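**Student:** Each residue of the sequence shown is one higher than the one before, starting from 0 at the first, in numbering that gives the first Met the number 0.
Ideal Cβ placement from N, Cα and C applies to all residues, glycine included.
Quick caveat: nothing in here was measured; it's all calculated off a predicted structure.
Pasting a structure below so you can have a look.
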Amino acid sequence: MTLDCNQARQIPIVGYLAKCGFHPQYIKGADHWYLSPIREENTASFKVNTRLNAWFDHGIGEGGNLIDLGIRLHRCSVEELLARLSADDYTLSFHQPWVATAERETASPVSGANDTDEPRIIVLDVTPLHSPGLITYITGRGIDLTCVRWFCREVKFSIKDKTYMAIGFENRSGGYELRNPWFKGSSSPKDITVISSHNNAQAVCLVEGFMDFLSLQRFRKFPDTPTDIIVLNSVALIGRSIELLSGYQDVYQYLNHDSAGHAATEKLKQAGIHAIDASSFYQGHNDINAYLLAMQQNTLQQEINTQPHEKHGHSLRR
């Protein structure tokens, strides 16, 4: 499988550097400090932020993503770097990468019947989140780790006799939404997730996916009153939420700014659900997580712009 740029950018930089033989001198929170891998130095001034999955070399005032680092480290073109990454195993112990299609993700029924579609996802074990690779991945999406550990689990599953690990978000029927850097899918049965405040809430927030729900926690864009949450886990499941939504006084929707999100909004209107559009704060972005990542990238860019750009005659380390 040949990686594209988007897939390459998702590779955790910390793991990539470790595979190249570079390890941090010390770690402070999400910041891993290294002796620069792209020049000679005696004091660690090369920082990798695992939350943003971005690097910054304070010695030369430059930084970026994994691709920016890889072409410097290996002195190669982007195409050569992608070929190099594809030839190596950067699956973070997920074995061969396998990406679920959107059709596979939405095909599972709510009933307990066996799913005859191939490849079948079989859940083997569910534990608290602990794998470093998964933690690096989810914090790289801008998500707060404490929040992830509260709402999600680490799921071991198999596809065609191969075993994988992913972050799992449980739905109301016992199935899981599954995510790792190389995989997006779900186990049967596919369904929506309902998170109750247990306070006889009269308000509910409707969110499209669990990454958006977790991202929403960072912004605290919730009503002041007790509020329940419904996560669709796919806009194709909007119909399953309508009966529940009709029981609330106020419905706040945080759907994607795309054709599928607009179609879901129309279905709510047709069903007599008068939802309040609460998505204006991420206007200009497709979803809440995209907005969160953009805000954090802006913060990183501001840090880069405020650093002195000193010129040094350091040679690149092979």
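1) Between PRO11 and PHE21, how many whole angstroms is the CB-CB distance? I'm expecting something under 8 angstroms.
2) By DSSP's criteria, TYR163 is part of a beta bridge. Which residues make up the other side?
3) Nearest to GLU40 by alpha carbon, out of ASP276, ALA29, ASP56, SER240?
4) Beta carbon of ILE66, beta carbon of LEU80: below 8 angstroms?
5) Leaving aside the five residues before and after TYR136 along the sequence, list all residues of the same chain whose C-beta is less than 7 angstroms from its C-beta, in chain order.
6) Under a Cβ-count criterion, where at least 16 other Cβ atoms within 10 Å of its own Cβ denotes burial, should THR49 be classed as buried or exposed?
7) If you draw a straight line from the C-alpha of LYS318 to the C-alpha of LEU123, how long is it?
8) Count Cβ pairs between the region 163–171 and the region 190–206 that sit closer than 8 angstroms; are there 3 or more?
9) Suppose the cutoff is 8 angstroms on Cβ atoms and the five residues either side in sequence are ignored; what does the same chain contact list for THR264 look like?
10) Who are the Cβ neighbours of GLY62 in its own chain at under 7 angstroms, not counting the five residues just before and after it?
11) Any idea what DSSP makes of GLU40, helix, strand or coil?
12) Can you give me the C-alpha to C-alpha distance between LYS183 and LEU177, rounded to a whole angstrom?
13) Return the CA-CA distance between ALA17 and TYR25, expressed in angstroms with no decimal places.
14) Please determine, among LYS189, GLY14, GLU78, GLN201, the residue with the shortest C-alpha to C-alpha distance to GLY132.
15) With DSSP as the reference, identify every bridge partner of TYR281, one or two as the case may be.
16) Can you name the start and end residues of the alpha helix (DSSP H) that ASN48 belongs to?
17) Between VAL47 and chain B, is any beta-carbon pair separated by less than 8 angstroms?
18) CA-CA distance, MET164 and VAL203?
19) Distance, Cα to Cα, CYS151 vs GLU78?
20) Under 8 angstroms by Cβ, that's how I've got ILE272 and SER245 pegged, so tell me the actual separation to the nearest angstrom.
21) So ILE237 and LYS266 are supposed to be a Cβ contact under 8 angstroms. How far apart are they, rounded?
22) Just the Cα atoms here: how many angstroms apart are GLY141 and ASN288?
23) In this structure, what does DSSP give as the bridge partners for VAL193?
24) Have a look at LYS310 and LEU213 and give me their C-alpha separation to the nearest angstrom.
25) Among all the DSSP beta bridges, which residues are the ones paired with ILE121?
26) Nearest-angstrom Cα distance between THR1 and GLY69?
27) Buried or exposed: which applies to SER187, given that a residue is buried once 16 or more other Cβ atoms fall within 10 Å of its Cβ?
28) Give the straight-line distance between the Cα atoms of ARG74 and ALA82, rounded to the nearest whole angstrom.
29) Would you decide whether HIS129 is buried or exposed? Buried here means 16 or more other CB atoms lie within 10 Å of its CB.
30) If you follow the alpha helix (DSSP H) that GLU207 is part of, which residue opens it and which one closes it?
31) Span of the beta strand (DSSP E) holding LEU144?
32) List the endpoints of the continuous beta strand (DSSP E) containing GLY62.
33) Give the secondary structure of HIS22 by DSSP, where H, G and I count as helix, E and B as strand, and everything else as coil.
**Tutor:** Considering the structure as presented:
1) Actually they are not in contact, since the Cβ atoms of PRO11 and PHE21 sit about 13 angstroms apart, beyond 8 angstroms.
2) PHE156
3) Ranking the options by Cα distance to GLU40, first place goes to ASP56.
4) yes
5) The residues are PRO11, ASN179, PRO180.
6) By the 10 Å Cβ count, THR49 comes out buried.
7) Examination of residue 318 is not possible in this model, given that the chain is present from 0 through 317 alone.
8) yes
9) GLN252, LEU254, ALA274, ASP276
10) ALA53, TRP54, PHE55, ASP56, ILE303
11) Three-state result, GLU40: coil.
12) 6 angstroms
13) Going by C-alpha positions, ALA17 is about 14 angstroms away from TYR25.
14) Of all alpha-carbon atoms in LYS189, GLY14, GLU78, GLN201, the one lying nearest the alpha-carbon of GLY132 is that of GLY14.
15) Bridge partners of TYR281: none, in fact.
16) Taken as a continuous stretch (DSSP letters only), ASN48 belongs to no alpha helix (DSSP H), being part of the beta strand (DSSP E) at 45–48.
17) Reference to chain B is not applicable here, since this structure consists of a single protein chain.
18) The straight-line gap separating the alpha-carbon atoms of MET164 and VAL203 is approximately 32 angstroms.
19) 36 angstroms
20) 6 angstroms
21) Here ILE237 really is in contact with LYS266; their C-beta atoms are around 5 angstroms apart, less than 8 angstroms.
22) GLY141 and ASN288 have their C-alpha atoms some 8 angstroms from each other.
23) ILE229
24) The predicted model places LYS310 with a pLDDT of 42, which falls under 50 and marks its position as unreliable; any figure quoted below should be read in that light. Going by C-alpha positions, LYS310 is about 41 angstroms away from LEU213.
25) SER157
26) 16 angstroms
27) buried
28) 14 angstroms
29) exposed
30) It is not in any alpha helix (DSSP H) - GLU207 carries neither H nor E in the DSSP assignment.
31) First-last for LEU144: 144–150, but that is the alpha helix (DSSP H), not the beta strand (DSSP E).
32) 61–63
33) In the structure shown, HIS22 adopts coil according to DSSP, grouped into three states.
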